[in-house]
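Working notes for the structure below.
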Amino acid sequence: MAKRRKVGNLLALAVLSTVTARPMHPYEMASLMRARGKDRDIDIKWGTLYTVVRNLEKHGFLAVEGSVREGARPERTVYRITDAGREELADWVRELVAVPERESPRFVAALSVLGALGPDEASELMRRRLGTLEREIAEQDAALADAADVPRVFLIESEYELAMRRAEAAWVRALLADIAAGTLQGLDLWRAFHETGEIPPEMAELAERGAEE
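Now the structure itself:
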C-alpha cells in the first residue's frame with residue numbers, strides 16, 4: 001500500500017528532485033522542469049507550484065536560502081533542499097519504483113462502459129484513437145533518435161512512455177481485428193442490444209450474477 005505523504009502531490013517529487021542541483025526560486029524550478037520535459041508527465045501550474053513549495057517548506061523538506069532581485073522584478077525567495085527533503089525524495093522514489101499501484105486511466109474507464117456504444121461506432125472511435133497513437137509513437141521515436149547523444153539514464157521515462165504507447169496501439173489493433181472478423185466473444189450480444197434496444201437474456205443473466213457477487 002502506498003505510504004501517506006505529508007506532501008503527496010507528484011509535483012512535490014519533481015520539485016525536490018530539481019532543487020537537489022542547487023538552491024533556486026520557484027520560477028527557476030518551473031523553467032528547469034520544463035526544459036527537462038517534466039511538464040509532459042506532471043502538470044506544472046504556477047499557483048499549484050507555489051503552494052507545493054510552501055508546503056514542502058512547512059514540513060521541513062525545503063528551507064529558505066535567501067532572496068534575489070533581478071532588475072525591477074519583485075524579490076524572489078530562494079529555497080534549498082534539506083536533509084529531510086533528500087530522505088523524503090529517496091524514500092518516495094523507492095516506493096514508486098518498487099510498489100505497483102493500480103491506476104485508473106480515462107481510457108480504462110471508457111472501456112468498462114464501451115457497451116453504451118454500438119460495435120460499429122466503437123470501432124470507428126478506436127481507429128481514430130489508433131491513428132493518434134501511431135502519430136505520437138512516430139513523434140516520440142523521432143525525439144529519442146534526436147537525443148541519441150543524451151545518456152540513456154536521462155531518457156528512461158520517455159522510453160517507458162513510448163513502450164506503453166506501443167503496447168496500447170498493439171492492443172487496440174488486435175481488438176479492432178477481432179471485431180472486424182466477428183471473433184470477439186459476446187459480439188453478437190453486443191450488436192443485438194444496439195439493433196433491438198433490448199438486453200439479450202444472456203446479458204441480463206450475467207449482469208444479475210455480477211450484482212449478486
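In case it helps, the UniProt record's numbering puts the sequence shown at residues 1 to 213.
Glycine included, each C-beta is placed from N, C-alpha and C at the ideal position.
{"Check": "Can you list, in chain order, the stretches of the beta strand (DSSP E) that have 3 or more residues and sit fully within the UniProt domain \"Transcription regulator PadR N-terminal\" (15 to 90)?", "Outcome": "62 to 68 and 76 to 81"}
{"Check": "Is DSSP giving Arg-5 helix, strand or coil here?", "Outcome": "coil"}
{"Check": "Between which residues of its own chain and Asp-43 is the CB-CB distance below 8 Å, once the five residues before and five after are set aside?", "Outcome": "Leu-11"}
{"Check": "Specify the secondary structure class of Ile-199 as computed by DSSP and reduced to three states.", "Outcome": "coil"}
{"Check": "Would you say Thr-82 and Phe-61 are within 8 Å of each other, going by their C-beta atoms?", "Outcome": "yes"}
{"Check": "Taking the alpha carbon of Glu-124 as the point to measure from, which residue in Arg-94, Leu-175 and Glu-161 has its own alpha carbon closest?", "Outcome": "Leu-175"}
{"Check": "In chain order, what residues of the same chain lie with their CB nearer than 7 Å to the CB of Glu-168, ignoring the 5 residues before and after it?", "Outcome": "Leu-133"}
{"Check": "Got a sec, what are the start and stop residues for the alpha helix (DSSP H) Asp-178 sits in?", "Outcome": "156 to 181"}
{"Check": "Is Leu-187 helix, strand or coil when you go by DSSP?", "Outcome": "helix"}
{"Check": "Determine, using beta-carbon pairs with one atom in the stretch 48 to 68 and one in the stretch 24 to 36, whether at least three such pairs fall under 8 Å.", "Outcome": "yes"}
{"Check": "Any chance the stretch 103 to 123 sits against the stretch 186 to 202, with 3 or more Cβ pairs inside 8 Å?", "Outcome": "yes"}
{"Check": "Could you say if the stretch 89 to 104 and the stretch 126 to 143 meet the contact criterion of at least three C-beta pairs nearer than 8 Å?", "Outcome": "no"}
{"Check": "Rounded to whole angstroms, what's the CA-CA distance from Asp-37 to Pro-105? Just pull it up for me.", "Outcome": "Inspection of the sequence shows that residue 37 is occupied by Gly rather than by Asp. The alpha-carbon atoms of Gly-37 and Pro-105 are separated by roughly 21 Å."}
{"Check": "Hey, out of Arg-191, Arg-73 and Glu-157, whose CA is closest to Asp-41's CA?", "Outcome": "Glu-157"}
{"Check": "Taking all protein chains shown into account, do 16 or more other C-beta atoms lie within 10 angstroms of the C-beta of Trp-190, making it buried, or fewer, making it exposed?", "Outcome": "buried"}
{"Check": "Hey, how far is the Cα of Ile-137 from the Cα of Trp-171?", "Outcome": "14 Å"}
{"Check": "Report the option in Glu-70, Glu-87, Asp-141 and Lys-6 whose CA atom is closest to the CA atom of Arg-165.", "Outcome": "Asp-141"}
{"Check": "Quick one: using the 10 Å Cβ neighbour count with 16 as the cut-off for buried, is Gly-186 buried or exposed?", "Outcome": "exposed"}
{"Check": "Pop quiz: Met-33 and Thr-18 are said to be a contact at Cβ under 8 Å. What is the actual Cβ separation, rounded to whole angstroms?", "Outcome": "6 Å"}
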